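In this note's numbering, the protein residues as written are 410 to 991. Ideal Cβ positions, reconstructed from N, Cα and C, are used throughout, including at glycine. Since this is a predicted model, take the numbers as computed values, not measurements. One structure is given here, and the rest of the page talks about it.
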Amino acid sequence: MSKKRSVTILIIFLCTLLCFVLFLKFTDKDENGRFEEYTAQLFTEEVSSNTISLHYTLKNPDAYGIHDMPVSLGRFFTDADTMCASYENALALLHSYDRKKLSEKNRLTYDTLEHSLELSLKEASYTLYEEPLAPLTGTQSQLPVLLSEYRFYSTEDCDTYLELLAEIPEYFRSMIEFERAKSDAGLFMASYNADALIQECKTFVQMGDTNYLYSSFEERLKELELSSQEREHYMKKNKSHIEKYVFPAYLELINALNELRTTGKNSCGLCHLPDGSKYYELSVKAQTGSSRSIPELQALTLSQMAEDSKALHEALSSAMKDSSVGTDASSNRSDLAAGLDSDPERILKGLKSDISGLFPDPPNVNTSIKYVQKEMEEYLSPAFYMIPAIDDTKNNVIYINEGHMPDNLTLFTTLAHEGYPGHLYQTVYYSSTNPDPLRSLLGFGGYTEGWATYCEMLSYYFSGLPKEQASMMQHNSSIILGLYALADMGIHYDGWTLLDTVAFFRDYGITDTDTIESIYNLIIGDPGNYLKYYIGYVEFLELKKDAVEKWGEEFSQERFHKEILEIGPSSFTTLRKYMLGT
Numbered sequence: 410m411s412k413k414r415s416v417t418i419l420i421i422f423l424c425t426l427l428c429f430v431l432f433l434k435f436t437d438k439d440e441n442g443r444f445e446e447y448t449a450q451l452f453t454e455e456v457s458s459n460t461i462s463l464h465y466t467l468k469n470p471d472a473y474g475i476h477d478m479p480v481s482l483g484r485f486f487t488d489a490d491t492m493c494a495s496y497e498n499a500l501a502l503l504h505s506y507d508r509k510k511l512s513e514k515n516r517l518t519y520d521t522l523e524h525s526l527e528l529s530l531k532e533a534s535y536t537l538y539e540e541p542l543a544p545l546t547g548t549q550s551q552l553p554v555l556l557s558e559y560r561f562y563s564t565e566d567c568d569t570y571l572e573l574l575a576e577i578p579e580y581f582r583s584m585i586e587f588e589r590a591k592s593d594a595g596l597f598m599a600s601y602n603a604d605a606l607i608q609e610c611k612t613f614v615q616m617g618d619t620n621y622l623y624s625s626f627e628e629r630l631k632e633l634e635l636s637s638q639e640r641e642h643y644m645k646k647n648k649s650h651i652e653k654y655v656f657p658a659y660l661e662l663i664n665a666l667n668e669l670r671t672t673g674k675n676s677c678g679l680c681h682l683p684d685g686s687k688y689y690e691l692s693v694k695a696q697t698g699s700s701r702s703i704p705e706l707q708a709l710t711l712s713q714m715a716e717d718s719k720a721l722h723e724a725l726s727s728a729m730k731d732s733s734v735g736t737d738a739s740s741n742r743s744d745l746a747a748g749l750d751s752d753p754e755r756i757l758k759g760l761k762s763d764i765s766g767l768f769p770d771p772p773n774v775n776t777s778i779k780y781v782q783k784e785m786e787e788y789l790s791p792a793f794y795m796i797p798a799i800d801d802t803k804n805n806v807i808y809i810n811e812g813h814m815p816d817n818l819t820l821f822t823t824l825a826h827e828g829y830p831g832h833l834y835q836t837v838y839y840s841s842t843n844p845d846p847l848r849s850l851l852g853f854g855g856y857t858e859g860w861a862t863y864c865e866m867l868s869y870y871f872s873g874l875p876k877e878q879a880s881m882m883q884h885n886s887s888i889i890l891g892l893y894a895l896a897d898m899g900i901h902y903d904g905w906t907l908l909d910t911v912a913f914f915r916d917y918g919i920t921d922t923d924t925i926e927s928i929y930n931l932i933i934g935d936p937g938n939y940l941k942y943y944i945g946y947v948e949f950l951e952l953k954k955d956a957v958e959k960w961g962e963e964f965s966q967e968r969f970h971k972e973i974l975e976i977g978p979s980s981f982t983t984l985r986k987y988m989l990g991t
């Protein structure tokens, strides 16, 4: 699942860790041994910073030396100076190791950690520019989903879960204080985004007893060996906690948003804020993993769209000449999708088979398909993959939002994005290479979402559609995503208004004003989100072009994909360094 960099990871253990590092320096361990102990300690401290992070990352924390941690959801920080100092100290600790003496695996960990810390340090000065309440990807949407998938391996997990529910009011108050600090700084969201969030929260509360936090809890209890009396006790306690803590926390958030909704001073893109363009460029670098400037990304997008447009017209011309394709070449998406499979499990099985020879063989895992509750379809992504614990990658979950699945072709390409060869595959394959656990905590959205988008585009050719039709659909999808990327940069970097955005889309034949306004509002509420998908995807295409040129006859699709997967989540600069030596 795609994760929002809300307030960034705050490293609060530096004094303790500094003593630990100094101790290691006076032992007779070699540099690799010291570095691995350092990353293990860093992983332990960071993954323990909140209970949901710990539970989702590790099934068996005891095996990593983590015991009896306090139950906490964490909190939101507004002190930029403290955060900057933390990152500076963290970088100093990292630089105390001699990178030249490290193994290639440890150098890779060093490089990815350094890149993450350097960007986090730069972003820390703009802490209040971050937005934890973004549409689709914000805390208000994601927290209930994370809670509904919180696995019960034991009754202790169930007890901890109930304690987490009791922590939600305080966690939300921390978030509300963060939003108030944004308001005081003149950085609060546009009123129309606040209104949309208020409506979303109201919908969540108004679901009442039909809320999925009730049904999912009951389902998870089935994983435990409980007597009927114990089961009834837990169900009553869950109901009580939802009514006492969860719904009131959302109501408190609604009241706060109503209070703050008109305090925002900017209803347009980030560039209209002080240093907004600089922050946007930093945020885009962090989200995409691309080192290119915004003007360079705009040029790259236009170049790729031109390639796609040319390929689309060539495919259309070829299809019209092919009598076996006939008039179907101009059929709409729904007509073409009508004959495709509609069963998600069969689709995933077929995709897993289709990628053989093009991608390295995937590990064998179990995958459950679940569906977003109907009342929340409007407020959640079309689909999402729940990343499993790093010590339990055998069990995987993909959620499908049927409200965003207009046809079977959309379902097929979405499952390629979330399943094979997208998120599920990249996650379990990388885990099988036994990476440093710390790597699982370093987010590189351009790598993960770019890879999944790259795989989604490839999947059109696995769908069973004639080649020309698959090509037209794929290139058309790429062009549309490119338009969203250009709009994101236009709004947040060049200062486009809604009217500018409407004019831009109309130039490309998209004239539905309501649809364009909806896109505009999503982009305003979640800057750079579309770029993770599109720029990540295009950076992989550029990397492939360079790999073909560099490797020559030694290039193969399987080798290219294998090297990307084994390097793992990282910036595109790091990928190029380790794949191409550039």
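- Message: Please classify Tyr-917 as buried or exposed, where buried requires at least 16 other C-beta atoms within 10 Å of its C-beta.
- Response: exposed
- Task: State the CB to CB distance for the pair Leu-556 and Leu-630, rounded to an integer number of angstroms; the pair is presumed to be in contact (CB under 8 Å).
- Result: The pair is not a contact, with the Cβ atoms about 14 Å apart (cut-off 8 Å).
- Message: Let me check understanding here. Comparing Cα to Cα, which of Thr-710, Ser-849, Leu-931, Glu-962 lies closest to Thr-889?
- Response: Here residue 889 turns out to be Ile, not Thr, going by the sequence shown. Looking at the Cα atoms, Thr-710 is the closest of the given residues.
- Going straight from the alpha carbon of Leu-974 to that of Lys-761, what length do you get? 16 Å
- Query: In three-state DSSP terms, what is Ala-792?
  - Reply: strand
- Apply the 10 Å Cβ neighbour rule to Gln-638 and answer buried if 16 or more other Cβ atoms are within range, or exposed otherwise. exposed
- Query: Buried or exposed: where does Lys-993 fall if 16 or more other Cβ atoms within 10 Å of its Cβ makes it buried?
  - Reply: Here the chain comprises residues numbered 410 to 991, so residue 993 is not present and cannot be evaluated.
- Item | Environment of Val-957 [buried if 16+ CB atoms lie within 10 Å] | exposed
- Message: Can you tell me whether Ala-746 is buried or exposed? The criterion is at least 16 other CB atoms within 10 Å of its CB, across all chains shown.
- Response: buried
- Using a Cβ-Cβ cut-off of 7 Å (strictly less than) and excluding sequence neighbours within five positions of Lys-412, which residues of its own chain qualify? Caution is warranted here: a pLDDT of 38 is assigned to Lys-412, below 50, making its placement in the model unreliable, and the coordinate value is therefore given only provisionally. Cβ within range, chain order: Gly-852.
- Task: Give a yes or no on whether the C-beta atoms belonging to His-524 and Ser-980 are separated by under 7 Å.
- Result: yes
- Query: For Ser-357, which residues of its own chain have a beta-carbon under 7 Å away from its beta-carbon, when the five flanking residues on both sides are left out?
  - Reply: The requested residue 357 does not occur in the structure, where the chain is confined to residues 410 to 991.
- Closest to Leu-500 by CA distance: which of Phe-597, Trp-860, Leu-451 is it? Leu-451
- Neighbourhood of Ile-756 by C-beta, 6 Å cutoff - its chain only, sequence neighbours within 5 removed: Asp-750, Phe-821, Leu-824
- Task: Look at the Cβ atom of Gly-937, then the Cβ atom of Val-693, and state whether they are nearer than 7 Å.
- Result: yes
- Query: Excluding sequence positions up to five away, which residues of its chain have a Cβ less than 6 Å from the Cβ of Asp-845?
  - Reply: Thr-448, Thr-518
- Short Cβ contact (7 Å threshold) for Ile-807 with Gly-828: yes
- Could you tell me the boundaries of the beta strand (DSSP E) in which Val-806 lies? 804 to 809
- What are the uninterrupted segments assigned as alpha helix (DSSP H) that are 4 or more residues long and contained completely in the segment 474 to 552, given in chain order? 489 to 504, 513 to 533
- Among Ile-703, Ile-764, Lys-876, which one has its Cα closest to the Cα of Ala-720? Lys-876
- Query: Per DSSP, what kind of secondary structure is Asn-459 in: helix, strand or coil?
  - Reply: coil
- Could you check if Phe-656 is buried or exposed, using at least 16 other CB atoms within 10 Å of its CB as the buried criterion? buried
- Item | Phe-380 in three-state terms, based on DSSP | Any question about residue 380 goes unanswered here, given that the chain covers just 410 to 991.
- Message: Let's test the definition: count the other Cβ atoms within 10 Å of the Cβ of Glu-634 and tell me whether it reaches 16, buried, or not, exposed.
- Response: exposed
- Query: Can Ala-590 and Leu-537 be called in contact, C-beta distance under 7 Å?
  - Reply: yes
- Query: How big is the Cα-Cα spacing for Asn-441 and Tyr-506?
  - Reply: 9 Å
- What is the rounded straight-line gap between the Cα of Asn-775 and the Cα of Glu-754? 11 Å
- The alpha helix (DSSP H) enclosing Thr-996, as first and last residue numbers: What is shown of the chain runs 410 to 991, which leaves residue 996 out entirely.
- Message: Taking only three categories from DSSP, how would you classify Tyr-689?
- Response: helix
- Would you report the Cα separation of Tyr-465 and Arg-443, rounded to the nearest angstrom? 27 Å
- 8 Å contact criterion, which Cys-680 and His-901 should meet: CB distance rounded: 6 Å
- Query: Using DSSP with H/G/I as helix, E/B as strand and the rest coil, what is Lys-779?
  - Reply: strand
- Please check the pair Thr-906 and Cys-677, which I expect to be a contact at CB under 8 Å, by giving their CB distance rounded to whole angstroms. 6 Å
- How big is the Cα-Cα spacing for Glu-967 and Ala-912? 43 Å
- Message: Only counting the same chain, and skipping five residues up and downstream in sequence, which positions put a Cβ closer than 7 Å to that of Asn-810?
- Response: Val-781, Glu-786, Leu-789, Ser-790, Pro-791, Ala-792
- Query: Whose C-alpha, out of Tyr-839, Asp-763, Asn-817, is nearest the C-alpha of Pro-797?
  - Reply: Tyr-839
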